[in-house]
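These notes are about the structure you will find just below.
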Amino acid sequence: MSVALPADWVLPSYGRSTLSDLLPSVGAHLGVPGCTDDRLGLPSARRWVVLLVDGLGHQLLQAALGQTEYFAEVFGDALRLTAGVPSTTATSLTCLGTGLVPGEHGMAGYSFRAPGGRQAMNALTWEGGPEDAEAFQPRETMFERAVAAGVAVTTIGPARFSGSGLTTAALRGPQFWAVDEQDAEARIQAAVRACDRAPQSLTYVYERSLDHTGHGKGVRSQAWLDTLARVDAFAGALREALADDVCLLVTGDHGMLDVPPERHVLVEDHPELGAGVDLLAGEGRLRQLWTDAPEAVARRWQQRLGERAVVRLRDEAVAEGWFGPVDPRVEQHFGDVLVALREDWAVMTRALPRELGLVGQHGSLTSAEMVVPLLVDHPASW
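Take 94 as the starting number for the sequence shown in the working numbering and just add one per residue.
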């Protein structure tokens, strides 16, 4: 039995309006070889700052504009981008940093089968991942391409992210300036200095507090709204400090929705879900299964979950455009069976007890998770 894709789901618009298209569009203005097409219609600028707010979904922001000042001011001209699949941080940051689709860069989710083994690797912490992250993802990043073109490229983030597996695989190339993420003024001043390094510059700033609050407290909580207000104040102060000729781009890596405990489907409570499954990875909203009997496993999962999920074999998901063109080198990074949850359901496992405490979740293909804003603020073009 095959369930049709729900009408309100969003397939990525690869090559037109996804996170993979953002830096190639910037590169078209900076003269980066191979970046000949500004797919997003960005203003002309020689200095750019990209502020990536983890967990900033388009629908979430639109619904909470009354809690913001700066975002409310610039939201009217916002573009809508789609994340890749899965709609999760490791995949999205790699789409952004490389300009590649998931099927090309192979960062297949929060966790997925490690190359050459039958165990899962965690793409965020790199636990279980290969020692050589650059060999794992050997394609040139957009940052490396920009540096080679003479652009001064800088990343501003916490020291522990410098040289990490994910940073190396997805975002390598810039000068990394370690700045305390709790010190807003220091981060802003670092961004100002980074912009001044050369006539052409690209500065990347990562903000993770909104995602952290969403996971822990939920996106309907006052704590989430309070965090959004702080992020808004930071973005507004950053724009105020930057010169008018600097184009500030603010975007997210995914949206989020709250999953109540009563909407958890626990794998251990349904023995038929574990039958024939060699490895379960991914996230609660999009589980990936590796198995020697994919058709039988997919059939059992669809029968058990019914209208709560869309279950696809890997080849079916690829044919529907979930990951974009898939390089044979990384094909096995994606599960033999993909289980994408509908509405506010999630498939959870007691084998990963920390996941059971998540309130806000993401990873599936609902518009709440897939669509992120792109706020474009370039005073010199007004």
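From the three backbone atoms N, C-alpha and C, an ideal C-beta is built for every residue, glycine too.
Use the C-beta contact count for residue i: other C-beta atoms within 10 angstroms, 16 or more gives buried, fewer gives exposed.
i    : result
Q155 : exposed
R109 : exposed
S118 : buried
A410 : buried
S255 : exposed
Q396 : exposed
A412 : exposed
E274 : buried
G190 : buried
L104 : exposed
E400 : exposed
R265 : buried
A328 : buried
A239 : buried
T296 : buried
T111 : buried
T46  : The structure shown does not extend to residue 46, since the chain spans only 94 to 475, so no value can be given for it.
G127 : exposed
A316 : exposed
D289 : exposed
Out of the options, which has the shortest C-alpha to C-alpha gap to residue i?
i    : options                   : result
E300 : L186, D338 and V125       : L186
E237 : T260, E224 and R253       : T260
R232 : W219, S118, V246 and G192 : G192
G345 : G127, R140, G367 and A183 : A183
A368 : G375, E376 and L382       : L382
V352 : L449, F327 and W317       : L449
L123 : A242, V452, A330 and V404 : A242
R132 : A433, V142, G120 and R140 : G120
D337 : A165, P446, R139 and L445 : R139
V125 : A245, D470 and C340       : A245
H198 : F427, I249, T129 and A287 : F427
D147 : Q425, A213, L406 and G453 : G453
G250 : P446, V240, Q268 and T234 : Q268
L445 : A391, D420 and R380       : R380
P415 : L342, R407 and P421       : According to the sequence shown, residue 415 is Trp rather than Pro. It is R407 whose Cα lies nearest to the Cα of W415.
S294 : G221, V142, R265 and L451 : V142
L157 : D362, L451, R313 and R401 : The residue asked about is misnamed: residue 157 is Ala in this sequence, not Leu. Of the listed residues, the one whose Cα sits closest to A157 is R313.
Q152 : H471, P472 and P466       : P466
A100 : H471, S460, D470 and V464 : S460
V464 : Q425, R435, L172 and A277 : L172
D362 : L398, L341 and V343       : L398
S422 : T129, G169 and G209       : The sequence shown places Arg at residue 422, not Ser. It is G209 whose Cα lies nearest to the Cα of R422.
T247 : L144, H308, D276 and A316 : L144
What residue range is occupied by the uninterrupted beta strand (DSSP E) comprising residue i?
i    : result
E166 : From DSSP, E166 is part of no beta strand (DSSP E) but of the alpha helix (DSSP H) over Y163 to V167.
H347 : From DSSP, H347 is part of no beta strand (DSSP E); its letter is neither H nor E.
V403 : A402 to L406
F229 : Segment A226 to F229 is the alpha helix (DSSP H) holding F229; no beta strand (DSSP E) there.
A483 : The chain is shown only over 94 to 475; residue 483 falls outside these bounds and no answer can be derived.
T384 : L379 to T384
G450 : From DSSP, G450 is part of no beta strand (DSSP E); its letter is neither H nor E.
Q395 : Not the beta strand (DSSP E): Q395 falls in the alpha helix (DSSP H), residues P387 to L398.
R140 : R140 to V146
A245 : A245 to G250
S204 : S204 to R206
Could you spell out where the alpha helix (DSSP H) holding residue i opens and where it closes?
i    : result
P126 : Looking at the DSSP string, P126 is not in any alpha helix (DSSP H), and its letter there is neither H nor E.
G307 : S302 to K310
S255 : No alpha helix (DSSP H) contains S255, which DSSP labels as neither H nor E.
L321 : Q315 to A334
R286 : A277 to C288
G196 : P195 to H198
F427 : From DSSP, F427 is part of no alpha helix (DSSP H); its letter is neither H nor E.
L366 : P364 to G367
A271 : First-last for A271: Q268 to A271, but that is the beta strand (DSSP E), not the alpha helix (DSSP H).
T184 : T182 to T191
L153 : H151 to A156
V96  : Premise fails: V96 is in no alpha helix (DSSP H) and is neither H nor E.
Below 8 Å CB to CB, which residues in the same chain sit around residue i once its five sequence neighbours on both sides are set aside?
i    : result
E462 : G150, A176, S180, H347, G348, M349, L350, R378, H455 and G456
R211 : D371, L372 and W383
V272 : I249, G250, P251, A279, R280 and A283
Cutting at 7 Å between CB atoms, please list the residues of its own chain near residue i, excluding the five before and the five after it.
i    : result
S113 : Y107, G177, C188, G192, L193 and V194
A389 : G369
A386 : G369
S257 : W219
R206 : A213, L372, A374, W383, Q425 and H426
G309 : V452
For residue i, I'd like the list of residues in its chain whose CB is within less than 6 Å of its CB, leaving aside the five on either flank, ordered along the chain.
i    : result
T320 : S302, L303 and T306
F229 : P223 and A262
S474 : P136
A334 : I281 and V285
T161 : D325
V96  : V403
V167 : L468 and D470
G375 : G202 and Q381
T234 : G190, T191, R265 and G266
Hey, is the stretch 341–358 in contact with the stretch 438–452, meaning 3+ C-beta pairs nearer than 8 Å? yes
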